[in-house]
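In my numbering, the protein residues as written are 3 to 437. Working notes, structure below.
Structure, rendered in structure tokens:
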């Protein structure tokens, strides 16, 4: 078997066999297949597409080149959640404690983000003292004791995916349904998840831009998960405007703390309840979504959810004062500027991608691996799509420790907002549920 022959077959639109996929992945991880040949495969996969069988074979090959985490020592129903990524996506911070509060065991392995805003780990690390590093024994012990742990993945978990994704990032092959599905599911399977809910985001602030592609990805994720014997449900949600009212690490933690007490943005809570209720039904924690939502709402109103978050922070070395006094506990930017509208009108659009880019320029995200994130940097969105605003109204607020950067992003934030003279209905937040 030769790599060049496999590449030719994929170039011509033929379906690769499991052995051919394994040959490519094994060879790349071992160094026998060079970057340029794997890059050629990735581009061919993007242009020609991958069949479900190919995606499964690729996922299997990546898992076989990974350390697989055995979570059998964790008692009870184990659930995991994944998001394909968006702007202002602090759902894990809220949903994790929610699910733990209703009896699920949330053993979450996450990553730092490379992109417009920080990932779940970056947000948690904005809490003074919070550590995302722990060994497997402590990880399992913590989940058994308090029902939740959120940690970073080790280098050996899905090593193949890390290597392949690094190439995808620099070869314009990230937005490919088959490659996205294999990347996500290889991580989820290797991380030991039994019951998985996936938030497939679609719109300007997501990798997936069209609803058709989002549905294709959601169906592929569910199918691949089922082939590995996992229970998977995918929820397709809108990412044309930022989720909630904050973009940036400290700012999102503050909003998440509000949401865990029932004070959060309506759209953030809706996504959390939708994802949470569907995985509860899928995993047997509730008979139907109505019962599940009631359990989640009761957990929020009774204080069980915010208490679960406090336990998580304490268990992982964070300052528990963040729960009662987030403003005083978390790091914040020195410079803040209001962005005002120049005319009256109804907000018809808030381009999530442009808001995300502005937040990254302010310091909330990374331009390249190794960049240091400014935890306090970011943007507060004070008005959402459908709101009526008058000239001079502040529609957003930018935060940074570099005053010069506030001026740099002003026009980008202004351009992200579009106003019309007639009322504009907010778009649906949840498009579809695939299971």
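For every residue, glycine included, the Cβ atom is placed at its ideal position computed from N, Cα and C.
query	result
Simplified DSSP state of residue 375, which is helix, strand or coil	coil
DSSP bridge partner residues for residue 202 (one or two, in chain order)	238
Rounded separation between residue 270 and residue 152 - CA only	20 Å
Helix, strand or coil at residue 84 according to DSSP, with G and I counted as helix	strand
Rounded distance between the beta-carbons of residue 99 and residue 59, thought under 8 Å	About 37 Å separates the two Cβ atoms, so there is no contact after all.
Residue 421 versus 35, 190, 343, residue with shortest Cα-Cα distance	343
Cα-Cα separation between residue 160 and residue 340, rounded to whole angstroms	43 Å
Supposed contact pair residue 110 and residue 94 - C-beta distance, whole angstroms, cut 8 Å	7 Å
Cut-off 7 Å between Cβ atoms - residues of its own chain near residue 183, not counting five sequence neighbours on either side	57, 219, 222, 223, 226
For residue 154, three-class secondary structure by DSSP	strand
Where residue 249 falls, given that 16 or more other Cβ within 10 Å makes a residue buried	buried
Secondary structure of residue 265, DSSP reduced to three states	coil
Cβ contact (3+ pairs, closer than 8 Å) linking the region 368 to 385 and the region 251 to 265	yes
Simplified DSSP assignment, three categories, for residue 406	helix
Nearest-angstrom Cα separation, counted from residue 124 out to residue 170	22 Å
Through-space distance from residue 243 to residue 274, alpha-carbon basis	17 Å
Straight-line Cα distance separating residue 289 from residue 295	11 Å
In DSSP terms, what residue 421 is bridged to	349
Residue 145 versus residue 317 - alpha carbon distance	10 Å
Contact between the region 30 to 46 and the region 127 to 137 (3+ Cβ pairs under 8 Å)	no
Residues bridged to residue 390 (per DSSP)	348
Length of the line joining the Cα atoms of residue 356 and residue 65	35 Å
Cβ neighbours of residue 39 in the same chain (closer than 7 Å, five flanking residues each side left out)	5, 9
Residue 16 to residue 22 span [Cα, whole Å]	12 Å
Residue 215 to residue 195 span [Cα, whole Å]	25 Å
Segment contact, 8 Å Cβ cut-off, at least three pairs: the region 72 to 79 with the region 173 to 180	no
3 or more residues per run - each beta strand (DSSP E) lying fully within the region 56 to 133	80 to 85, 107 to 112
Range of the contiguous alpha helix (DSSP H) that encloses residue 147	138 to 148
Cutoff 8 Å; reference residue 2; Cβ partners in own chain excluding five residues on either side	For the chain, the structure presents residues 3 to 437; residue 2 sits outside this window and is missing.
Residue 433: first and last residue of the uninterrupted beta strand (DSSP E) it sits in	432 to 436
DSSP bridge partner residues for residue 401 (one or two, in chain order)	338, 380
Buried or exposed by the 16-neighbour rule on C-beta atoms within 10 Å, applied to residue 336	exposed
Those residues which DSSP pairs with residue 248 across a bridge	382
DSSP state of residue 396 mapped onto helix, strand, coil	strand
Short CB-CB distance (under 8 Å) between residue 418 and chain B	Here chain B cannot be found, since the structure has a single protein chain.
Pairwise C-alpha distance: residue 278 and residue 292	11 Å
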